[in-house]
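Heads up: the sequence shown runs through residues 1 to 200, numbered per the numbering used here.
Inspection log for the structure reproduced underneath, given as structure tokens.
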Amino acid sequence: MKQDEGPEKPAGLSREHLEEHYRLYPAAHQVKIKEIEARLLRTDTACVDTTYCPLRSLKKEYAYALNSVRLHDYYLGNIGEAGSKPSPEMLSMLERDFGSRQEWEKQFIALATCSRGWIVLGFDLKEGVLRNFFSDDHSEGVWSVLPLLVLDVYEHAYYSVFPSRSDYIETFFKYLYWEIVNRRLTVAREVFKKISSINF
Ligand SMILES: [Fe+2]
1 MKQDEGPEKP AGLSREHLEE HYRLYPAAHQ VKIKEIEARL LRTDTACVDT
51 TYCPLRSLKK EYAYALNSVR LHDYYLGNIG EAGSKPSPEM LSMLERDFGS
101 RQEWEKQFIA LATCSRGWIV LGFDLKEGVL RNFFSDDHSE GVWSVLPLLV
151 LDVYEHAYYS VFPSRSDYIE TFFKYLYWEI VNRRLTVARE VFKKISSINF
């Protein structure tokens, strides 16, 4: 690389590609969230049914849109320049909860290959452990889990700029912004300490 080219940028994960991704998905879903919130205020709460009713549908799609915004926020936040590394605290937890960093990565990549939507390395606030989760749409997940590292494997995230999903996953790991992931872990552990001392 020439000196005047500046810091190395993620090949295929350019600013333009990520901005377009943001515009078409989380930004569009934020508009829908406002629309659904307005409709919820006018929805008939007397006419409800477990098979179908407007209230059910609105709340279901509200969770879908809100989770999309949240997950994209974590995902776009943990992409950066190449070269950052997991902290000693992170490495120690990956070793404790998965056997080793390599074993965690192996499972995470396998999940990224079979998921239709998301992969999340999460911190379980009930048990104080790390776990990998995946979600075929924005609405699957486990409550009381804080996302630390999030990967979007919907086709819209990569098909226009990568020859395959495996190329995309490889590039994602190269440009994974461990510094923010490390900070999320530190904060999650502080929250865990506080809430585990009370019957939360
Ligand atoms: Fe996406």
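Quick reminder that beta carbons are idealized off the backbone N, C-alpha and C, glycines included.
- In this structure, D152 has its beta carbon less than 7 Å from a heavy atom of ligand 1.
- A straight-line Cα-Cα distance of about 43 Å links S196 and F162.
- Assigned with DSSP and collapsed to three states, F173 falls in helix.
- For P147, the pairing in a beta bridge is given by DSSP as G122.
- Note: R131 is bridge-paired with G122 in the DSSP secondary-structure output.
- Counting along the chain, the unbroken alpha helix (DSSP H) around V181 starts and ends at W178 to S196.
- Between the stretch 106–119 and the stretch 28–42, the count of C-beta pairs closer than 8 Å stays below three; the two stretches do not touch.
- Exclusion of the five residues before and after V153 leaves A112 and S115 as the residues of its chain whose Cβ lies within less than 6 Å of its Cβ.
- For the pair W118 and S139, the CB atoms are not nearer than the 8 Å cut-off.
- The Cβ atoms of E170 and S84 do not sit closer than 8 Å to each other.
- Exclusion of the five residues before and after L176 leaves N78, I79, G80, S84 and L149 as the residues of its chain whose Cβ lies within less than 8 Å of its Cβ.
- Around the beta carbon of P88, a 10 Å sphere encloses fewer than 16 other beta carbons of the protein chains shown; the residue is thus reported as exposed.
- Counting the other Cβ atoms within 10 Å of the Cβ of R23 gives fewer than 16, which makes it exposed.
- A check of alpha carbon separations from L146 across E95, L121 and L66 identifies L121 as the nearest.
- Scanning its chain for C-beta atoms nearer than 8 Å, with the 5 sequence neighbours on each side dropped, one finds around D97 the residues W104, V129, L130 and R131, in chain order.
- Restricting attention to L41, R165 and E155, the CA atom closest to the CA of A110 is found in R165.
- The three-state reading of DSSP puts D137 in coil, since its state is none of H, G, I, E or B.
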